[in-house]
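Chains as they are written, first to last, in my numbering: chain A, 55 to 252; chain B, 4 to 481. Let me begin by presenting the structure, written as structure tokens, before commenting on it.
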Amino acid sequence: MARMKFLCDADRCIECNACVTACKNEHEVPWGINRRRVVTIDDGKPGERSVSMACMHCTDAPCAAVCPVNCIYTTADGVVLHSKDLCIGCGYCFYACPFGAPQYPQIGNFGSRGKMDKCTFCAGGPEADGSKEEYEKYGANRLAEGKLPLCAEMCSTKSLLAGDGEVIAQIYKERVMKRGYGSGAWGWKTAYRETIES
Amino acid sequence: MLVIADPHPTTWASLAVEAGRKDGVYILPIATQFECTGSRVASNRSLQWGEQIVKPVFECKDDLEVIYRIAKKCGFADKMFKNIKVENNLPEAEDVLREMNRGSWSTGYCGQSPERLKAHMKNQAKFDFLTMRAPKDDPEVGGDYYGLPWPCWGSPEVKHPGTPLLYNTNLNVMDGGGTFRPRFGLEREEKLPDGTTRKVSLLADGSYSKDSEIKDGYPEFTLASLKKLGWDKDLTEAEMATITRVNSANPDAVSWSLDLSGGIQRVALIHGCVPYGNGKARMNAFGLPDPIPVHREPIYTPRVDLVAKYPTLPDAKQFRMPNIGFSVQKAAVEKGIAKQFPLILSSGRLVEYEGGGEETRTNPWLAELQQDMFIEISPGDAADRGIKDGGWVWVTGAENNSRAKMKALVTERVGKGVAWMPFHFGGWFAGKDLRGNYPKGTDPIVLGESANTITTYGYDPATGMQEPKVTLCQIAAA
Chain A
55 MARMKFLCDA DRCIECNACV TACKNEHEVP WGINRRRVVT IDDGKPGERS
105 VSMACMHCTD APCAAVCPVN CIYTTADGVV LHSKDLCIGC GYCFYACPFG
155 APQYPQIGNF GSRGKMDKCT FCAGGPEADG SKEEYEKYGA NRLAEGKLPL
205 CAEMCSTKSL LAGDGEVIAQ IYKERVMKRG YGSGAWGWKT AYRETIES
Chain B
4 MLVIADPHPT TWASLAVEAG RKDGVYILPI ATQFECTGSR VASNRSLQWG
54 EQIVKPVFEC KDDLEVIYRI AKKCGFADKM FKNIKVENNL PEAEDVLREM
104 NRGSWSTGYC GQSPERLKAH MKNQAKFDFL TMRAPKDDPE VGGDYYGLPW
154 PCWGSPEVKH PGTPLLYNTN LNVMDGGGTF RPRFGLEREE KLPDGTTRKV
204 SLLADGSYSK DSEIKDGYPE FTLASLKKLG WDKDLTEAEM ATITRVNSAN
254 PDAVSWSLDL SGGIQRVALI HGCVPYGNGK ARMNAFGLPD PIPVHREPIY
304 TPRVDLVAKY PTLPDAKQFR MPNIGFSVQK AAVEKGIAKQ FPLILSSGRL
354 VEYEGGGEET RTNPWLAELQ QDMFIEISPG DAADRGIKDG GWVWVTGAEN
404 NSRAKMKALV TERVGKGVAW MPFHFGGWFA GKDLRGNYPK GTDPIVLGES
454 ANTITTYGYD PATGMQEPKV TLCQIAAA
């Protein structure tokens, strides 16, 4: 069985935010909730890098381990989903997640949280595939239609890859070998340390 | 009178209300491309035929209908739309393009008929991804480049394939080849070092497009030049009659761009020649104020010490308008503007927004990503002024006591002494939110100061293009 993964090639990301916009549009994500975001480090300095981040659909996901109501589960494709019917908005998953993926709508004063929302790898939720209920709670289910997540499909530089982990790892490996620099290409720093910045 | 025709009410609408204008301002809601049928041109010079997807929503109208109704109100619609079918006040888009085809010989906007464009849309899959060309043996679009990029010479019946790359002498003109246009006379006087002058031909020298029957430079085609070459025999009787009608006193003077029959273009093409002629490229742009570009300090420069040596061009009347750039530059130096406004201000684009931004700032997915008008300032300049990242600042400009309130983005994206702001915002003026001035329900989600509140005087001497890109400013914490 395929295990679905995201991979963002930081040598290619141009911080255009098309992935963020595509996600919001496809799933009608409300203002203030960001299932995906682009993070830029060393902005304006040599070596500036951007990377598009969302739920990374971990194997043995820490969010699932800490959830007191067991609403987070992993599908046969390796996608981490959750049930908004069970979620109590406690926020534990947010603290457990190393990527800051879980998001919560504010539903009242004093920062009280609504039910958790996060990237579904465009795979909906526990409701019947493609049903109205599923769309209202989790957004579109592209995976059930045989399509990959829209963020990666829309990526103009094909920096953001989504799909079977084995396949995208192979694509990335080929890219690095062809480039022959940066991204951990073996020997690059040793050979060009003084003159080339990767 | 100010008429604003746009799918979204623009900044101008809010400013006009703010200025207290009660009369003579019209906001016309215009349909988007999805609500209209007709040809669309892209910046690669190719055309596509667009179909209406939805009927115009709310009270917006098709551009063509607006133009027709204005013409009707002004009393010349019968003349303007003589050759165009109009139904329920909406001119037919096919006829509009045909009218353009009939009158646009000089730009090669003559071969792209609605029928040919529709055939391109129907046969999109046949065009090659790289060459943009359809196979030569296709019955409908054979040999065409996708979208018939202009120049697409001759009448549609000539079936010129369009020109994806200009001035390509490696191709036959009927395969999209071309030459440089002799547009600046056929010869010019050149001064030699010894003080004497000589005439230099401006026609091409031994260079010509593939398969050209004239193996050298040549001027634009006229009936006279066709006669000289003995090619006038190739004109049909009908073409000859039209040429004579265009200039009955002197038909010989009728050129490729004036011949309404397209005959002169057709005959030039069958002999492998480009209708406008074959000239030399012009590296020395004689006739322009600076034939070869030289350095000139901007009107508002931080390097006042360089102005005396590299001043802008003298004041002059250009077209119908005066250009007083020199006086403005001189006054700026005398008044010490650069001391008062020490930062270079440049403006540019954000990936989220487009143009003035009214449409994209109305889209919630995009508006959420850029919620505030801002100015980029370097950490050093920010520290000198006590400005914090994300804090409010006043930006002041060198003319008319202009000022604008926005947020500071302290970043090393800009160097010391330079500030940058995006030009997609509008709806605030001098610190005041003008949201109430938009017609109800039409205000964009995000409003902000317009960059052009701060920009200053300056016009290109040859084209009259304004200089909104760079000036001087000062920034202070608000």
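Here a beta-carbon is modelled for each residue, glycine too, at the ideal position from N, C-alpha and C.
Closest by C-alpha distance to F183/B, out of G157/B, P278/B and M103/B, is P278/B. Neighbourhood of V105/A in chain B, by CB distance below 8 Å: empty, with the nearest CB roughly 16 Å away. Counting along the chain, the unbroken beta strand (DSSP E) around F432/B starts and ends at G430 to F432. Straight-line measurement puts the Cα of A155/A at about 7 Å from the Cα of C173/A. In its chain, beyond the 5 residues on either side, L204, C205 and M208 have a beta carbon closer than 7 Å to the beta carbon of A76/A. Secondary structure at A411/B: strand, using DSSP grouped into helix, strand and coil.
In summary, the residues of the segment 396 to 428 of chain B whose CB is separated from some CB of chain A by less than 7 Å are T414, E415 and R416, in the order they occur in the chain.
For T174/A, no chain B residue has a C-beta closer than 8 Å to its own C-beta; the minimum C-beta separation is roughly 18 Å.
Taking 9 Å as the CB threshold, D171/A stays off the interface with chain B. Per DSSP, reduced to three states, the secondary structure at T456/B is helical. For H136/A, there is no enclosing alpha helix (DSSP H); the residue is part of the beta strand (DSSP E) that begins and ends at V134 to H136.
When secondary structure is reduced to three states using DSSP, W108/B falls in the helix class. Collapsing the DSSP output to three states places C276/B in coil.
Between D208/B and K218/B, the alpha-carbon positions lie close to 9 Å from each other. Look at the segment 295 to 343 of chain B and you find these whole runs of alpha helix (DSSP H), each 4 residues long or longer: 328 to 337 and 340 to 343.
The C-beta of G180/B has 16 or more other C-beta atoms within 10 Å across all chains shown, which makes the residue buried. If the five residues before and after Y149/A are omitted, its C-beta is found closer than 8 Å to the C-beta atoms of V120, all from its own chain and listed in chain order. Under the Cβ distance rule, V93/A does not count among the residues neighbouring chain B, no pair being separated by less than 9 Å. Fewer than three beta-carbon pairs drawn from the segment 314 to 321 of chain B and the segment 354 to 368 of chain B are found closer than 8 Å, and the two stretches are therefore not classed as touching.
Q373/B: not part of any beta strand (DSSP E); DSSP gives it neither H nor E.
Here DSSP, grouped into helix, strand and coil, assigns Y148/B to strand. The three-state reading of DSSP puts I225/A in helix, counting H, G and I together. A straight-line Cα-Cα distance of about 27 Å links L205/B and P152/B. Among the residues of chain B, those whose CB is under 8 Å from the CB of C70/A are V354, following chain order. For E371/B, the residues of chain A that pass the 7 Å Cβ criterion are W85, in the order they occur in the chain. Taking the Cβ atoms as the reference, W52/B lies roughly 5 Å from M124/B, within the contact range of under 8 Å. Using beta-carbon distances, T211/A does not count as an interface residue toward chain B, since no partner is under 9 Å. Spanning the alpha carbons of A454/B and L168/B requires a straight line of approximately 36 Å. Between the alpha carbons of G351/B and I142/A lies a distance of about 45 Å. About 5 Å separates the beta carbons of T474/B and Y303/B, which is inside the 8 Å limit, making them a contact pair. For M58/A, the enclosing beta strand (DSSP E) stretches over residues M58 to C62. The C-alpha of G41/B lies about 14 Å from the C-alpha of K58/B.
Here the alpha carbon of R167/A sits roughly 18 Å from the alpha carbon of A118/A. For the C-beta of P367/B, the chain A residues within less than 7 Å are, from N- to C-terminus, W85.
Assigned with DSSP and collapsed to three states, V354/B falls in coil, not helix or strand. Around the Cβ of Q343/B, a 10 Å sphere holds fewer than 16 other Cβ atoms; the residue is exposed.
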